[in-house]
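The numbering used here numbers the first residue of the sequence shown as 90 and each following residue consecutively. Heads up: the structure comes next, in structure tokens.
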Amino acid sequence: MLNRLTFTGRTILSCLLLLLCLLSFLSILYRPDWTLTSPKNLSLYIKPNENTTIISPNENHHCKSSPYLYIIICSSVNNQDQRNAIRNTWGSSQHLEALNYSVKINFILGHSEINHDNDLVSIEADKYGDIIQENFHDSYNNLTIKVGMILKWVNKNCKGIKYLMKTDDDMFVNIDNLLTALSSKPHDTNILIGHLVENQIPIRDSSNIWYTPRSMYHHDKFPDFVSGTGYVMSIDVAIKIYNASLKIPFIFLEDVYFTGICADNVGVKPAHQLGFSFEPRRGDINISNNSITSHQVTVNMMHAIWNMSHHGYTNYKKTD
Numbered sequence: 090m091l092n093r094l095t096f097t098g099r100t101i102l103s104c105l106l107l108l109l110c111l112l113s114f115l116s117i118l119y120r121p122d123w124t125l126t127s128p129k130n131l132s133l134y135i136k137p138n139e140n141t142t143i144i145s146p147n148e149n150h151h152c153k154s155s156p157y158l159y160i161i162i163c164s165s166v167n168n169q170d171q172r173n174a175i176r177n178t179w180g181s182s183q184h185l186e187a188l189n190y191s192v193k194i195n196f197i198l199g200h201s202e203i204n205h206d207n208d209l210v211s212i213e214a215d216k217y218g219d220i221i222q223e224n225f226h227d228s229y230n231n232l233t234i235k236v237g238m239i240l241k242w243v244n245k246n247c248k249g250i251k252y253l254m255k256t257d258d259d260m261f262v263n264i265d266n267l268l269t270a271l272s273s274k275p276h277d278t279n280i281l282i283g284h285l286v287e288n289q290i291p292i293r294d295s296s297n298i299w300y301t302p303r304s305m306y307h308h309d310k311f312p313d314f315v316s317g318t319g320y321v322m323s324i325d326v327a328i329k330i331y332n333a334s335l336k337i338p339f340i341f342l343e344d345v346y347f348t349g350i351c352a353d354n355v356g357v358k359p360a361h362q363l364g365f366s367f368e369p370r371r372g373d374i375n376i377s378n379n380s381i382t383s384h385q386v387t388v389n390m391m392h393a394i395w396n397m398s399h400h401g402y403t404n405y406k407k408t409d
């Protein structure tokens, strides 16, 4: 009897240890952030045949009205101050309504592991109606997934738009100059523009934040691409790139992946557009008259640039 109990106890202990090992393995396998060892099939994350949208924009901000330009801003769950700065400056409803072309703006977010943060996003979405929240963990490593979600959303809901712009919540966008640039194009298809990056070599140093091992991308040079700080594509290009991304193993450098690798796969050549900049502003609010995008713009800088360009004054002091 004693031997049987001892054997049973050991069996139970062994099972518990096996279960703990299995749980540890699963926690690594299904960690919320994408890593270098994670599967590289984008479909596994964006689930193209499923409805993954947690929050949708309301009628006033929805792309179903087929705007000429649809701007989707990558934002993070906790960046409400940045979103409000855009809502009160270059993305304000008053400014958009005064433009010669129809423009809609949405913010896209993932979800937080903190329920309270998600509750705050829900309250914000109810108030402003301009948020798309998708079912993935919001983090820097998941930026390619976030942009994949943008293209999925557009492919399913926005095929009537003319142009799609992807940008970030630390960017100041001069929509007037962008519309002037787009309306002057000789055609409105096969367009992919931004700040062109050419002859970029993958970084093989594992200590670098942009480390790209050969197991992820084995070629010695990336295709030309446009900076992820802000780029614009015609709707036909958006659909082509989205479809390509469902078949091509992805890398975490979203601009390289979508506007370089996927665009190259479908025969779309990115082009440089004067006015797009990815250089950090470093507290400088003096931007040129032909500027379209300005990078690393803080909340205070956002208001200062807006006030200078539209009201001729600012109380801004370079302390950011």
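Ideal Cβ positions, reconstructed from N, Cα and C, are used throughout, including at glycine.
- Counted as a single uninterrupted DSSP element, the beta strand (DSSP E) harbouring M322 occupies residues F314 to S323.
- Judged by beta-carbon spacing, R370 lies beyond the 8 angstroms limit of V388, meaning their Cβ atoms are not closer than that value.
- Contact between the segment 348-359 and the segment 315-335 is present: three or more C-beta pairs spanning the two stretches fall below 8 angstroms.
- Residue pairing from DSSP places F196 in a beta bridge opposite I162 and I220.
- Per DSSP, the continuous alpha helix (DSSP H) segment holding K241 begins and ends at L232 to N246.
- When the Cα atoms are used, S132 and N379 turn out to be separated by approximately 39 angstroms.
- A direct Cα-Cα distance of roughly 33 angstroms separates F261 from N130.
- Collapsing the DSSP output to three states places Y300 in a strand.
- Per DSSP, reduced to three states, the secondary structure at M391 is helical.
- Taking a cut-off of 8 angstroms on C-beta distances, the segment 135-146 touches the segment 207-224, as three or more cross pairs fall below it.
- In the structure shown, G364 adopts coil according to DSSP, grouped into three states.
- Every alpha helix (DSSP H) stretch that sits fully inside the segment 247-285 and reaches 4 residues is listed by chain position as 264-272.
- Judged by their CB atoms, I239 and K255 are nearer to each other than the 8 angstroms cut-off.
- The same chain holds no residue with a CB closer than 8 angstroms to that of P128 once the five nearest residues on each side in sequence are set aside.
- Beta-bridge pairing by DSSP links T382 to V262.
- About 6 angstroms separates the CB atoms of D277 and K251; that is less than 8 angstroms, so the two are in contact.
- Rounded to the nearest angstrom, the gap between the Cα atoms of L342 and T233 is 7 angstroms.
- In terms of Cβ geometry, M391 and I175 form a close pair [threshold 8 angstroms].
- If you ignore the 5 residues before and after N266, its C-beta comes within less than 7 angstroms of the C-beta of G364, N379, S380 and I381, all in its own chain and listed in chain order.
- Sorting I203, D344 and D353 by C-alpha distance to the C-alpha of V166 places I203 at the top.
- Taking C-beta atoms under 8 angstroms as the contact rule, I328 and N244 qualify, at a distance of about 6 angstroms.
- Inclusion of I194 and G180 in the CB contact set at 8 angstroms is warranted, their separation being smaller than that value.
- With 16 or more other CB atoms across the displayed protein chains lying within 10 angstroms of its CB, R172 is buried.
- Annotated as proximal: F225 and Y134, with beta-carbon spacing under 8 angstroms.
- Membership of I135 in the alpha helix (DSSP H) is indicated by the continuous run S132 to I135.
- Per DSSP, I144 lies in no alpha helix (DSSP H); the unbroken beta strand (DSSP E) holding it starts and ends at T142 to I144.
- When C-alpha distances from N138 are compared across K241, I264, E148 and P291, the shortest belongs to K241.
- Taking a 10 Å sphere around the C-beta of K358, we find fewer than 16 other C-beta atoms and assign the residue as exposed.
- Cβ contact annotation for I264 (same chain, cutoff 7 angstroms, sequence separation greater than five): W179, L188 and V192, in chain order.
- Q169 and Y331 have their alpha carbons spaced roughly 28 angstroms apart.
- For D309, same chain residues with a beta-carbon under 8 angstroms away, outside a window of 5 residues either side, are I290 and P291 in chain order.
- When secondary structure is reduced to three states using DSSP, H307 falls in the coil class, being assigned neither helix nor strand.
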